[in-house]
Amino acid sequence: MRVAIPFGKTKIYTGLVYEIHTSPPDSYEAKDIHQILDEKPIVNERQLHLWEWISEYYMCTLGDVFRAALPSAFLLESETAILKNNEFKEESELTDDEYLIFEALGYQSELNVNQVVEILGKKTVFPVLKKMLDKEAIILKERIYEQYKPKLIQYIKLNPVYTDEKLNELLESLNRAQKQRDAVLSYFQLNASTKKPIKKSDLEKDSGVSSAVIKALVTKGIFEIYFIQVDRIQFDGTTNQLKQLNEFQQKALIEIEESFKTKEVTLLHGITSSGKTEIYSELIQKTLDKGQQVLYLVPEIALTTQLIGRLQTYFGGQVAVFHSKYSMNERVEVWNNILENRENSQIIVGARSSLFLPFDNLGLIVVDEEHEGSYKQFDPAPRYHARDTSVVLARIHNAKVLLGSATPAIESYKNALDKKYGFVELTRRHGDVLLPEIELVDIKEKHKKKRMTGHFSDRLLTLIQEALDLKEQVILFQNRRGFSPIVECETCGIAPECPNCDVSLTYHKYKNELRCHYCGFKRPMLYNCGACGSEKLNNKGFGTEQIEQELIKLFPNTQIGRMDLDTTRGKFGYQKIIGKFEAQEIDILVGTQMLSKGLDFSNVTLVGVLNADSMLNYPDFRAHERCFQMLTQVSGRSGRAKKRGKVAIQSFNPNHQILQQVSTNSYQQMYKEQLEERWQYHYPPFYRIIKITLKHRDMYKVDQGAEWIGKSLSNIFRDNLLGPTTPSISRVRNQFIRVLIIKIPPKQSIKNTKEQLNRIKNVFQSVKDFRPIKMNIDVDNY
Ligand code: ADP
Ligand code: ZN
Ligand code: ZN
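In our numbering, the protein residues as written are 1 to 782.
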């Protein structure tokens with residue numbers, strides 16, 4: 001249960017009772033608990049087990065996990081209210097500021113800190129308040145309030161004095177108010193036909209009157225409004241039977257069930273559009289039949305409208321969605337429903353943080369698109385990997401984990417080949433549609449021969465035109481990374497930079513402004529170079545926005561849509577664009593990586609990749625693996641229903657082995673080559689990696705700290721310590737960054753390594769000079 005606990009003089013925090021004991025602390029005097037906030041536990045013991053594991057494995061505090069796990073509405077805020085001390089009479093002793101506050105409290109029984117800030121017209125009001133407290137002119141009231149407000153729905157009922165006999169009288173009295181009469185008549189009709197409480201909104205719809213009319217009737221005392229509390233997350237629709245599995249899916253299902261008999265985790269390697277979701281659904285049904293809950297993990301919940309729709313047609317109201325874009329209240333509702341093991345929360349679809357929910361009896365965890373990098377949390381702590389954590393969660397519940405992907409992570413594939421995980425393959429697309437034909441377009445060659453129009457090769461333009469002629473749809477993919485449009489001076493070559501970070505600002509055409517993608521800084525577009533004054537400023541690189549502009553010129557009578565971070569803000573942003581594309585209101589959809597994730601459109605026959613090179617050149621040991629996965633996934637959006645699809649990948653370097661492997665669907669070959677490189681250069685899955693990041697505003701200080709840590713660590717880890725180094729983006733939000741990496745060889749104990757690191761960290765943080773340096777530890781850094 002949660003408790004409110006006092007800290008210092010006036011602060012109150014929310015804590016969770018973790019253990020009850022009777023040994024008092026010896027270094028300080030314990031205070032009483034201020035208040036117990038729950039009537040029954042809101043966290044169960046299995047959750048605590050998982051949190052303990054996370055905190056130990058990922059080297060963070062239990063408090064870090066607690067904060068990440070609970071919806072923020074559960075973490076109560078304390079708000080200080082200031083009251084006048086009515087005993088205080090020596091007004092002449094007050095300074096001007098103090099008197100202002102004292103006087104304001106004469107008009108208003110209490111003030112909060114913000115109001116005091118307003119009254120005094122300055123930010124630092126605590127010293128003033130403290131003085132007043134010392135003089136006993138004011139007293140503080142500590143107030144705790146619950147942020148969670150259940151949603152209330154307005155219902156209408158007729159004032160009980162209007163019995164059936166008096167109905168005529170009532171209607172007659174409304175003869176001059178036609179609309180009000182309509183509303184009353186509608187009420188009687190609804191009441192007679194449904195016999196259920198009548199929602200205000202339904203009455204408005206049925207009678208066609210406005211809410212003002214109903215309000216007038218309430219004022220007259222004819223209608224009364226009352227409230228019923230409802231859950232926000234509801235499903236009202238009908239369900240369908242599961243699809244009949246085809247013979248390959250049937251076989252895969254049997255193999256998975258067989259493998260679950262001996263293995264906790266099974267990897268399903270099924271090519272795009274082979275029907276993995278149908279297999280998951282069968283397994284979900286079987287788990288529900290046993291009376292157990294299912295957790296369905298997805299990399300990014302916002303992209304899963306289609307998936308949720310599919311699951312709801314099979315499982316109806318048993319599906320609950322845990323969504324970071326839901327309001328706090330909605331998340332609290334989902335939490336409580338799962339805690340109570342309610343019927344409406346048997347299948348939970350969510351991104352990584354749904355691992356923290358209060359499951360009661362979990363039978364199956366599906367990790368869809370298990371290769372996705374977004375399963376790893378970067379900031380803040382806990383820096384956990386949801387796929388790996390799901391294995392631990394499953395063990396706690398004695399449940400099974402199914403990892404699914406068309407392009408498994410190298411780690412998972414290796415675990416499967418090593419027989420740590422079960423392994424099942426699905427190599428046919430449903431309906432025997434062939435995998436798309438992938439064509440590599442050499443744009444170096446095209447540039448030389450002047451066959452490029454903007455960013456499009458003549459070949460890609462022909463393919464687009466062919467698809468459009470057949471009334472088929474096209475997806476164009478533009479990798480975001482490294483291709484933000486940058487403004488550069490043609491005279492002196494300098495690009496405007498963010499004042500807080502060491503990166504160039506990117507140009508946003510729509511708002512005509514320059515923005516920093518790291519800290520959010522923005523300013524209007526420049527018309528002169530800040531360095532030399534020249535007016536010749538040029539856009540370099542290209543983003544989705546620029547591709548869209550080019551397309552509008554190239555295909556003037558075509559509907560073009562764009563899907564990227566800018567066009568998909570808000571809870572329903574994605575849904576709208578995806579819905580339009582599904583309804584074929586959009587012919588060509590341009591987008592970023594978002595497009596690669598699990599979408600299923602039946603009329604798309606061409607996928608174009610504008611430039612594959614930026615993904616390959618990214619300085620990261622996973623860059624090649626990621627590039628293979630992303631290109632294979634976007635290609636998989638083509639030709640899913642009837643006809644074999646086409647994919648055109650433009651590149652300056654079409655002979656690159658990764659592009660060759662993508663175009664020939666050679667996952668195994670990619671795996672083999674990448675694995676050899678990982679072994680040779682001491683990377684995962686052979687070596688484990690712990691990354692240490694230091695940050696401080698003062699470059700000298702952070703360098704000193706990094707050097708000290710570097711020396712201490714290299715005494716222990718020798719060649720397996722890399723750094724300290726300065727990352728390519730060395731300053732973000734005015735903080736200088738230094739990085740160290742510890743590699744843990746296969747035979748070295750991970751536990752010992754972490755203990756040693758923790759010891760050094762403790763010494764580091766006890767040095768006064770180093771204490772202000774922020775130190776982050778990231779285990780299994782991705
Ligand atoms: P994956 O998740 O492997 O990419 P999906 O599960 O999205 O594949 O399946 C691709 C398409 O084929 C979907 O539209 C799905 O409804 C359809 N499909 C798959 N299996 C069957 C089946 N057994 N019967 C009917 N349709 C199926
Ligand atoms: Zn210049
Ligand atoms: Zn910045």
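Positions of the beta carbon are idealized from the N, C-alpha and C atoms, including for glycine. Because the structure is a prediction, the values reported are computed rather than measured.
For Asn603, is the beta carbon positioned less than 6 Å from some heavy atom of ligand 1? no
Cβ-heavy atom distance between Asp600 and ligand 1 below 6 Å? yes
Reducing DSSP to helix, strand and coil, say where Gly543 ends up. coil
Does the beta-carbon of Asn500, which I'm using as the reference point, lie nearer than 6 Å to any heavy atom of ligand 3? yes
Coil, strand or helix - Gln593 by DSSP: helix
Does the distance between the C-beta of Ser273 and the nearest non-hydrogen atom of ligand 1 fall short of 6 Å? yes
Nearest-angstrom beta carbon gap, Tyr58 and Val739 [assumed within contact, 8 Å]: Between Tyr58 and Val739 the Cβ distance is about 18 Å, and since that is not below 8 Å, they are no contact.
Examine the Cβ distances between the region 587 to 595 and the region 466 to 479 and report whether three or more of them are shorter than 8 Å. yes
Roughly how many whole angstroms lie between the Cα atoms of Leu537 and Glu497? 14 Å
Closer than 6 Å to a non-hydrogen atom of ligand 3 - does that hold for the CB of Phe736? no
Do Leu111 and Ile139 have their beta-carbon atoms positioned less than 7 Å apart in this structure? no
What would DSSP say about Pro724, mapped onto helix, strand or coil? strand
Give the straight-line distance between the Cα atoms of Gln250 and Leu631, rounded to the nearest whole angstrom. 28 Å
Under the criterion of a Cβ to heavy atom distance below 6 Å, does Gly270 qualify as lining ligand 1? yes
Own chain, CB closer than 8 Å to Asp502, minus 5 neighbours either side, in chain order: Ile729, Ser730, Arg731, Val732
Would the beta-carbon of Leu242 be found less than 6 Å away from any heavy atom of ligand 4? This structure lacks ligand 4; its bound ligands are ligand 1, ligand 2 and ligand 3.
Quick check: the region 172 to 184 against the region 206 to 218, are at least 3 beta-carbon pairs closer than 8 Å? yes
Once you ignore the five residues that flank Thr407 on each side, which residues in its own chain have a CB closer than 6 Å to its CB? His371, Gln629, Thr632
Can you look up Arg678 in the DSSP assignment and give me helix, strand or coil? helix
In angstroms, rounded to a whole number, what distance separates the CA positions of Ala416 and Asp388? 14 Å
At 3 residues or longer, what runs of the beta strand (DSSP E) sit wholly inside the region 360 to 427? 362 to 368, 400 to 405, 422 to 426
When burial is assigned at 16 or more other CB atoms within 10 Å of the CB, is Val334 buried or exposed? buried
Taking 6 Å as the cut-off, is the beta-carbon of Tyr518 closer than that to any non-hydrogen atom of ligand 3? yes
Please classify His21: is it buried, with 16 or more other beta-carbons within 10 angstroms of its beta-carbon, or exposed? exposed
In this structure, does DSSP put Tyr145 in helix, strand or coil? Because the pLDDT of Tyr145 is 47, which lies under 50, any placement of that residue in the model is unreliable, and the number read from its coordinates should be weighed accordingly. Three-state result, Tyr145: strand.
What is the rounded straight-line gap between the Cα of Leu339 and the Cα of Gln35? 22 Å
Which one of Tyr518, Leu514, Gln549 has the shortest CA to CA distance from Tyr527? Leu514
Can you have a look at Ser602 and say buried or exposed, based on whether 16 or more other CB atoms are within 10 angstroms of its CB? exposed
On the DSSP bridge list, what partners appear for Ala320? Ile348
In this structure, how does DSSP classify Gly482 when only helix, strand and coil are distinguished? For Gly482, the predicted model reports a pLDDT of 40, less than 50, meaning its position is unreliable and no value from the coordinates is stated.
Suppose contacts are defined by Cβ-Cβ distances below 7 Å. Is Ile750 in contact with Tyr687 by that definition? no
Asn752 in three-state terms, based on DSSP: helix
Is Phe521 near ligand 3, judged by its Cβ being under 6 Å from some heavy atom? yes
In angstroms, rounded to a whole number, what distance separates the CA positions of Phe102 and Lys9? 22 Å
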